[in-house]
Each structure stands twice: as structure tokens, then as C-alpha cells.
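Engineer: Have a look at this one.
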Amino acid sequence: MMGEEFVALSLTPILIGTLAAIACALPGNFLLLRRQALIGDAISHVVLPGIVVAFLITGVVSAVPMMLGAAGAAVVAVVMIEAIRRLGKIEPGAAMGVTFTAMFAGGVLLLEQSDTSTVHLDVEHALFGNLESLIWLDATGWASLWDMEALAYLPVELPRLGAVLFVVILFTWIYWRPLKISTFDEGFAQSVGIRTGALGFALVIVAALAAVAAFDAVGSIIVIAMFICPPAAARLMTNSLSVQVAWSVLFATLSAVLGYVFAGYGRLWFGAENSVSAAGMIAAVSGLILALTAVFGPHRARSGAPAEG
Amino acid sequence: MLWHALTLQLGYNATLVTLGAMLLGVAAGVTGTFLFLRKRALVSDAISHATLPGVGIAFIIMVVLGGDGRSLIGLMLGSAASAWIGLLCIGFLTRRTRLAEDAAIGAVLSVFFGIGIVFLTYIQTMSEGRQAGLEGFLLGSTAGMLYSDAVIIAVGGAAVLLAVIAFRRPLSAIAFDPEFAASSGLNVPRLDLIMMGLVMAITVVGLKIVGLILIVALLIIPPVTARFWSERVTGVLWVAGVVGGVAGYVGAALSAIAPALPTGPVIVLVLFAMFALSLLFAPARGVLAAVLKHLSFQKRVHVRQGLLALAQGQPIYEKLTLRLLQRSGLARADGVPTPDGKARAAKALRDERRWQMARSREEFALAATFYDGLTEIEGVLTSDQISELDRLIGAPQGVPV
Amino acid sequence: MTSLELATSDGTRMIETPAGAALAIRGMTVSYGQKPAVFSVDMTVPVGSMTAIIGPNGAGKSTLLKAALGVIKPLAGSAQVFGQPVAQARARIAYVPQRASVDWDFPTRVLDVVLMGLYRELGLLGRLRGTHKAKAMDCLKRVGMQDFATRQIGQLSGGQQQRVFLARALAQDADLYLLDEPFAGVDAATEKAIIDVLQALRADGKTVVAVHHDLSTVTDYFDRVFLINTTRVAEGTVEEAFTPQTLQDAYGGRLATGQLGQTALGA
């Protein structure tokens, strides 16, 4: 599997899966510590209506308007959750539940009502993504990595996710200190002049950006799983924020690579003629990692009750 | 056509499904209220997503055993089993690790859903699986439903509703005040388990109609909507039941006449419309009422503060205060009180001094709890009590002001 | 408007120090919902003083502090610190929130919490140097916590957590220290350590304001008191404002009169 077939058929899906997983896991660390883990769930559900509306407005299936539509939907969702929470005095979980179900339902209905039979736009694609199809047919082997002509035909998802991951890393790096302070002690953060409201909103927007870019390639299941599982597993491995973030990146990478490989081998194991969903398998592997850390993680127990062994 | 649907004249199957959806909606609204009051609304999201692997495994098992795999009862049993395992995982993660419940919910829902998708894509590669139609469980589909399925849904909806009615008393008790309920002999952990069992039953019955992604709306939106209309648990329960029932009925009937209107999304959008109207226009807790109340409250605070400042000859620090005084004809633009303003200011100061005295005396302790800077003391104490206060204020040992 | 002008507008409330006030609150009203927690409160804290904010439970003590800092938005009123709006004086303020207001399960170590106090100095990307760490260690030493620097914060006792919070405030190198219930639920040794640090700060000319709930220690620890029960009840030096009469006014029927007589100075 190391030859030209690997580079052409497996390298790009694995890379795309990994970039998507890391881009979601990074902001996921802070969402987890802020008890906002389910924001990722809400965002990934509203990406579908965003894409559908963008399609209805522009009439074409094209990446840029769809990403804008999805990002717009994420912003609408976040604002709506906050509005319901504050104006209606409703607890955040219920406010999220109202918002994402209503927007998702609206998206599905619009999709069913509009003529999208000619384009590749359906609910299942939104849920599962299509990682397996993101192949690099122009690659003839490892040498293609230095071949400008072949590189020009890389799946567009790869450079796009690369750019988004860069933005996510940049945000995390620049705002590391205020993010850490305001997540730990919001009152103190405000007293030293950190605008915690704006920073919290920016964090959610960055998460939405990662979700939107990842969504097209890998579907919304991976997005939710990567927001939550790698950071949660990482939290059980360490008591230091920076080490936690490092573990979460490792776990996200492991999930993406192993998930893709297992899904590919699925055809050998099950004897079926097609492989199973790579997106589903990546989520399953991330769950397996979380299960292992929940049983064996050195820092799995709450403070005060020291871990035994 | 719409009228036919709403009056149940679309044939036997559609009528059964519509009635089933209505009963399910009532049951979901009431059960969702218990969840909502326990602040665990999103647990239902994990439960519903966790049904998917069960659907897949049940299908595979039934095919392996020689069936066609599409038996609704079999699929429902499978979904219930895997939802239960998901619930156990949430319990394990929150109790045995340092993770909070929201992280446990998110992890379980995404991982179980992912595993479910793996099974679904595998089933699509089976020769029996091509027409399995299991994708219908994602978004719900009532089109082309078998008579036996329609019966299962109607009976299931009725059964769940009966179970909810049977347990409504103890469940409202623990939703309202778990500590008191425990002290009066109710077994809270067991009732929580029953509540989760009901949520699971609703999810399983609703899978075919609403689909597992949106079933959670049926449990969350009715209580949130109802909360705007009542401050009492029984009130919220009733309204939530009605909201859920109406949405189930209208949604199922609408989608019966137009196959392009999938049942799940239509039900959810009907629910959301009721929610949005309540959020904006509910008389006591709605946004419109709250904005008006806040504005008038802010005005009362500023006018009162301004009057007290005028009475004590202090400058008015805030422009808004001055503007409000001016608009009420109590002060001039330069901050000098009008005759009316002078009188009102003196009265406000007298009121404040009476309050001050009342709050410093043990015998007025109860009345003192009504103090908020705005309520006039005449509305709280009798005229005899006020004369007594005035006497105390006038006395030589009175409080220096 | 300077704080001086504000404070002298009413003859009965002259401010003591001509240098101005460290903290001046004017007409502050804060409300959660439809009932004000703090109503029309004025407060003047002279530079170099040590003030206890006292009052019954739910009297608005912490709320007043948070509103003064801009952590909660008041319905009316404003606060100035050393004659400047709070937003411009942040570098001169150190704030110690209530210990229970944060999640002590957060993945971080004691020294990292103290380093948070250097945020204004370090900025977003300023490099953390050895001198910064040395300064944080020194602050830990001042509260007697130098041996705990690498400890996970969740493993600390309540008193140790409070000392870490105080060390973080010390690292801020402020002129005005605002503390919310610093003595709540701490052991006697911690209480002693904290009060020693606070009194050393005052000796250095710093200003200290603390929400306080233990009436029996007010006269030993503080030189000024601010009594609040939704509105301001009394304000001044301990001798002037901490009397049986003012306590009666603040606590109403909620304290037995005999108890008041014992805790407060004779009227």
C-alpha cells in the first residue's frame, strides 16, 4: 500500500481527515473547559441549512458561497441561542436544542422543496461527508508531491482545510493567554480588561469556521466527534492545559488515520464489496480512545479524589 | 386537501399515523417538561442519536436469522437497546471521570451516531440492504408505510402517553424539588431512571415518524414554549402537552398530503412557530413584555434616584436621570427642580427616611424585606405604623441623616 | 469631573484625604431582574485606607464591588478609580473574586494562576521570562505558598486556594486591591497570613477594600467601614461608622441587640 496507489487514493483523504480533526479539536479544548461542548453539536447541525440557502441564492454548488452560507448560519445560530437564553431566561442546553432542531428542519425542508436532483447535495452527504472520494488521481507516486502540475489537481478541500487550520492555530496562539484566563476565571479576566464576551464569541466563530471547512469533506458526525472526544480524552491524560491541547491534537490525528485505515480494511473483514463510511469509523475510533482514557487515563478522576494507579 | 388531512379523511394509514403522532406529541411534551425542569434537556439528544447502531445491528441480525430485516418492532427493540447502552455510557463518564455531563452527551451522541453510520454503510453493501430504507430513520418518513407499522405507531403513542399519565405525580414532584421529593420518601434515582425510560420509549416510537435527528425537538421545544405561559409545574405540563400534541397532529397531517413535506421537519417547524410566538408575545415572560417592563423599571429607578438627589441638594450625575426628570416635568434642564418636582422630592426623601427607620427596627423586620428602593412605604405599612415611624424619626435619639 | 468635586458636593460627606479618592462610586444602582440589589449607592474610599464592606446576606456587597469594576453592568451610576473611569485605571486595580466563583478542576498549576496576574504586563504575546517567574514565586512566598508552585490547583485546600488568589493579586502590582470575601471558609493560619499581607500593603500606601462578613474582627483588621443593605447605611472610620446604631440600621432585626453591643465599639 506504499506505492503510487497509496498516494493517489489514500494520502489525500487521510491528510484531509487529519487536518479537519485537528482544526475542530483545537477550539474544542476551550469549549470543553467552558462547559460549551455542545456548541459544536449545534453548529454542525446548522451547517446544512446554511449550505442549502447559499445554493438557493446562487443556484450553483460552489465552495465559496456555500462556506459563507454555512458560516452565516453558524453565526445566526449562536446569536439565536444567546438571544433565547438571555431574553427567554432559558437554560443553554434547551436553547441550543430549540435552535439547532428548528434550523436543521428548515434546511431539510428547503432541500426537499427545491430542485437539487441535478446536483450533489443531499442530507446524507451532509451527515456522512464523502472522505473516500477526495482522491488525487493525478498523483503517480510520492514524486508527485514535487510535481507542480500534479499538485495543481489536488482536491481543493486539502488546501482549504490547510488554510482554515492555519487560522485556527493562529487564533489559539495569539489569544492563548486571554482564552486561558477567561476560561478559568471570567470575573478576574474582566477586571484586567479582557473583553470576555467578544472573546467567547470569537472562539465560537473560529469553531464554526473549522466546522464549516471540515463539514464539506468529512460530514457533520466527525465534526461533532472531533470537537468533543479528543479534548475530553486529553483532559483525562493531564492536568496542564498546554499538555492537554497537545494530547488532543495527537488523539485527533490518531482517530483520523486509524479510522480511515479501519474503514478501508472493512471490506476485507466484512467481505463486502464496498468499504464502510470512513467518517463514521473516525468518530468510532475517537470514541474508543475516549473509552480507553476514561478507564486508564492517569488524571481521569476529579481533583480531591486521587486516581488509584 | 389540507382540510381533508386535518379532518382525518386521508385513509386509514394516514389517520392512524396522525393520531399516533398527536398522542406521541402530548407524551413527549409532558416528558420533556420533566427533563427540562431537571435541566437535562440535551440528554434526549444523546439518547436519540444512540439509537442508530441498534437499528443497524437489529437489521443485520434479522437478516442473518432469515427475516427481511425491516420489521419495525425488531428495529425498535434494537434501537432501544443501544439507546440504553448510550445512557449507561453517559452515566459512567459523568460519575467515574472528571468530565461534565455536556461533554459526555456530546461524546456519546457523536460516537454512537458514527458507529451507526458505519453499520448503515455496511448494510447498503448487503444484497438485502439495498432497499432497507433505514435512512428513513434519520429524518423520519411516513410515506408508503405498512398498515402494521401505522398500528404500531398509534398503539405505541397511546401506550407511552398512558405511561406518562401514570407516573406524572412522582415525576412532577422530583422535577419541581428533588430534595423535598427525596425527603418525603420518593426514590429519586429510580424515578430518574423511569423518566429516561419514557424518553427512550418516545424516541423509539417517534423514530419512524420524526427521525432520530429531530425527535429531540419534540422533547425540548414544547416545555420551553410552555415555560413562557405558566409559572407553575402543572401549568407548564398542560401547555407543553397541548403544544406537542398540536404539532404532532398538524405536522403528520400536512405531510400526509404532500410527500415532499417530510413529517419530521414539518412537525419541528410547527413547534418552532409556536415557540417563536411565545418568546415574543407571551404576556408576562415574553420579550416584548420584558422590554417594556425593563424600560419602565429603569425609568422608575432613575426618577427615584433623581428625586432623592434633588431633595438632598445633590447634583444629578447622569444625563439620563436628568432627561427623565425633565420629561416628567419634575426638573428644569439645568437640574433645578420645578415646584412639582420639589414636592415629589420631599415626599421621596420622607419615604426613604421612614424606610430607613423601619429597616433598623426589629419590629418592622418583615416589612423591611419589601424594601427595594422603589416601593412606597405607604403601600406596605398601615397609617398607625407610619405614625409610629414618624414619632421615632422625630425623637432625639433618631438616626442622623 | 474629578472625584474631589463629586465628593464635596454634599457638606455632610467630606472626603478625608485631599489627595482624592482611590475609589469613588456615585449613584450606583444594580438590579437582577426587577428588584435592585444595590440602590443609589455612593461610596468614597480614601487613598491608603483599609475598608471593610459589611452588611447582611444578600445586602449587595459583592454586587457593589463587581459593578464598580464593570464586571456587571449597573442600571445607573458610575465608578472612578484615582479620578479616572475604571476602564482607564485597570492597571492600578487588583481584584480577588470569590473563591467559589471559579472551576478549581481547571487544568493548571499554582504558579500559572499567579502568572495570570502579570497579564497586563505581558500582553498577548510578550515572552515569559525568568524574571516574571521569579516575581510570581516571590508573590507566592509572601502568602506562604512557595512550596506549592507546581501543585495542581484542584489539590489545594480552601485556604490555600484563597492565598493563591491573593498572590495573583500581588503580582498585579496595583494601587487599589478589591477583595470579595477573602476570609470566607479559610483556616485560622490563612486568615492570619492574608491579613498580614493586606496590612503590609496598606503600610506601603496601597488602598484595600474587602467584602467582609465577620463582625468580630472588623475593628482589629480595618480602619474604615462601609455598611450596606441595598442602600448605603453608614460610611467612615471604624470609630464613626461601626457603632451599635449603624449596625442596627444595617441589620435591622436580624442581629440580637446584645451581640451588636459586643462587636461594635461603644456608641
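Residue numbers (the numbering used here), protein chains in the order written: chain A, -8 to 300; chain B, 74 to 474; chain C, 1109 to 1375. Yeah, the Cβ is synthetic: ideal placement off N, Cα and C, and Gly gets one too.
For residue 1213/C and residue 113/B, I'd like the C-alpha separation in whole angstroms.
Structural biologist: Going by the C-alpha atoms only, they are around 22 Å apart.
Engineer: Does residue 287/A get closer than 8 Å to chain B when you measure Cβ to Cβ?
Structural biologist: So, not an interface residue.
Engineer: With a threshold of 8 Å, are at least 3 pairs of Cβ atoms found where one atom belongs to the region 321 to 335 of chain B and the other to the region 300 to 310 of chain B?
Structural biologist: Touching, no.
Engineer: Would a check of beta-carbon distances place residue 191/B closer than 8 Å to chain A?
Structural biologist: With 8 Å as the cut-off, residue 191/B counts as an interface residue toward chain A.
Engineer: Beta carbons nearer than 9 Å to chain C: which residues of the region 162 to 195 of chain A have them?
Structural biologist: Answer set for the region 162 to 195 of chain A: 164, 165, 166, 167, 168, 169, 171, 172, 174, 175, 176, 177, 178, 179, 180, 181, 182, 183, 184, 185.
Engineer: Does residue 1344/C come out as helix, strand or coil in the three-state DSSP assignment?
Structural biologist: Reduced to three states, the DSSP call for residue 1344/C is strand.
Engineer: Classify residue 1172/C: buried if its beta carbon has 16 or more other beta carbons within 10 angstroms, exposed otherwise.
Structural biologist: It is buried - the Cβ of residue 1172/C has at least 16 other Cβ atoms within 10 Å.
Engineer: Does any residue of chain C have a CB that is nearer than 8 Å to the CB of residue 235/A?
Structural biologist: Taking Cβ atoms only, chain C reaches closer than 8 Å to residue 235/A, which makes this a yes.
Engineer: Give the interface partners of residue 453/B over in chain C, defined as CB-CB distance under 7 Å, in chain order.
Structural biologist: Result: empty, since nearest Cβ-Cβ is about 14 Å, beyond 7 Å.
Engineer: Around the C-beta of residue 238/B, are 16 or more other C-beta atoms found within 10 angstroms, so that it is buried, or is it exposed?
Structural biologist: Classification of residue 238/B: exposed, given that the 10 Å Cβ count is below 16.
Engineer: If you draw a straight line from the C-alpha of residue 266/B to the C-alpha of residue 157/B, how long is it?
Structural biologist: Taking the straight line from one Cα to the other gives about 11 Å.
Engineer: Buried or exposed for residue 1080/C, please, with buried defined as at least 16 other CB atoms from any protein chain shown within 10 angstroms of its CB.
Structural biologist: There is no way to answer for residue 1080/C, as the model of chain C reaches only from 1109 to 1375.
Engineer: Would you say the region 86 to 104 of chain B touches the region 283 to 290 of chain A, given that touching needs at least three Cβ pairs under 8 Å?
Structural biologist: Cβ pair count under 8 Å is below three, so no.
Engineer: Using a beta-carbon distance cut-off of less than 9 Å, what residues from the region 389 to 414 of chain B approach chain C?
Structural biologist: Flagged, chain order: 389, 390, 391, 393, 394.
Engineer: Contact between the region 1 to 13 of chain A and the region 142 to 156 of chain A: three or more CB pairs below 8 Å?
Structural biologist: Yes, they touch.
Engineer: Residue 444/B bridges to which residues according to DSSP?
Structural biologist: According to DSSP, residue 444/B bridges with nothing at all.
Engineer: For the region 1179 to 1199 of chain C, which residues have a CB atom closer than 8 Å to at least one CB atom of chain A, in sequence order?
Structural biologist: Here the close residues are 1179, 1195, 1198.
Engineer: Do residue 401/B and residue 376/B count as a contact pair if the criterion is CB distance below 8 Å?
Structural biologist: Taking 8 Å as the Cβ cut-off, residue 376/B and residue 401/B qualify as a contacting pair.
Engineer: For the region 1204 to 1235 of chain C, list the alpha helix (DSSP H) runs that are entirely contained and at least 4 residues long, ordered along the chain.
Structural biologist: Whole alpha helix (DSSP H) segments, 4+ residues: 1218 to 1223, 1227 to 1230.
Engineer: Excluding the five sequence neighbours on either side, which residues of its own chain have a C-beta within less than 7 Å of the C-beta of residue 1268/C, listed in chain order?
Structural biologist: Cβ within range, chain order: 1253, 1256.
Engineer: Can you give me the C-alpha to C-alpha distance between residue 82/A and residue 243/B, rounded to a whole angstrom?
Structural biologist: The straight-line gap from Cα to Cα measures roughly 23 Å.
Engineer: State the Cα-Cα distance for the pair residue 277/B and residue 213/B, rounded to the nearest angstrom.
Structural biologist: Computed Cα separation, rounded: 12 Å.
Engineer: Go ahead and label residue 1182/C buried or exposed: buried means 16 or more other beta carbons lie within 10 angstroms of its beta carbon, across all protein chains shown.
Structural biologist: When all chains shown are included, residue 1182/C counts as buried.
Engineer: Are there 16 or more other CB atoms within 10 angstroms of the CB of residue 72/A, so buried, or fewer, so exposed?
Structural biologist: Buried.
Engineer: Could you check what DSSP says for residue 251/B in three-state terms: helix, strand or coil?
Structural biologist: DSSP places residue 251/B in helix when its eight states are reduced to three.
Engineer: What does DSSP give as the partner residue(s) for residue 1134/C in the beta ladder?
Structural biologist: Answer is 1186/C, bridged to residue 1134/C.
Engineer: Using a Cβ-Cβ distance cut-off of 8 Å, determine whether residue 338/B contacts chain A.
Structural biologist: Yes, residue 338/B counts as interfacial toward chain A.
Engineer: Pull up the distance between the alpha-carbon of residue 32/A and that of residue -1/A, whole angstroms please.
Structural biologist: Near 33 Å, if we compare the C-alpha coordinates of residue -1/A and residue 32/A.
Engineer: Once the 5 residues before and after residue 406/B are set aside, which same chain residues still bring their CB inside 7 Å of it?
Structural biologist: Cβ within range, chain order: 399.
Engineer: What is the DSSP secondary structure of residue 266/A, reduced to helix, strand or coil?
Structural biologist: Coil at residue 266/A, not helix or strand.
Engineer: From what residue to what residue does the beta strand (DSSP E) around residue 195/B run?
Structural biologist: Run containing residue 195/B: none in the beta strand (DSSP E); it sits in the alpha helix (DSSP H), 174 to 198.
Engineer: Give me the residue from 411/B, 189/B, 312/B, 372/B with the minimum Cα distance to residue 394/B.
Structural biologist: Of the candidates 411/B, 189/B, 312/B, 372/B, the one whose C-alpha sits nearest the C-alpha of residue 394/B is 372/B.
Engineer: What does residue 258/B touch in chain A if you count any residue whose Cβ is under 9 Å from its own?
Structural biologist: Near residue 258/B there are no residues of chain A at all, since even the closest Cβ is about 28 Å away, more than 9 Å.
Engineer: Just checking: is the beta-carbon of residue 220/A within a distance shorter than 8 Å of some beta-carbon in chain B?
Structural biologist: Residue 220/A counts as touching chain B.
Engineer: Any C-beta of chain B sitting closer than 8 Å to the C-beta of residue 1165/C?
Structural biologist: So, not an interface residue.
Engineer: Taking CB distances under 8 Å as the criterion, tell me whether residue 466/B reaches chain C.
Structural biologist: No, no contact with chain C.
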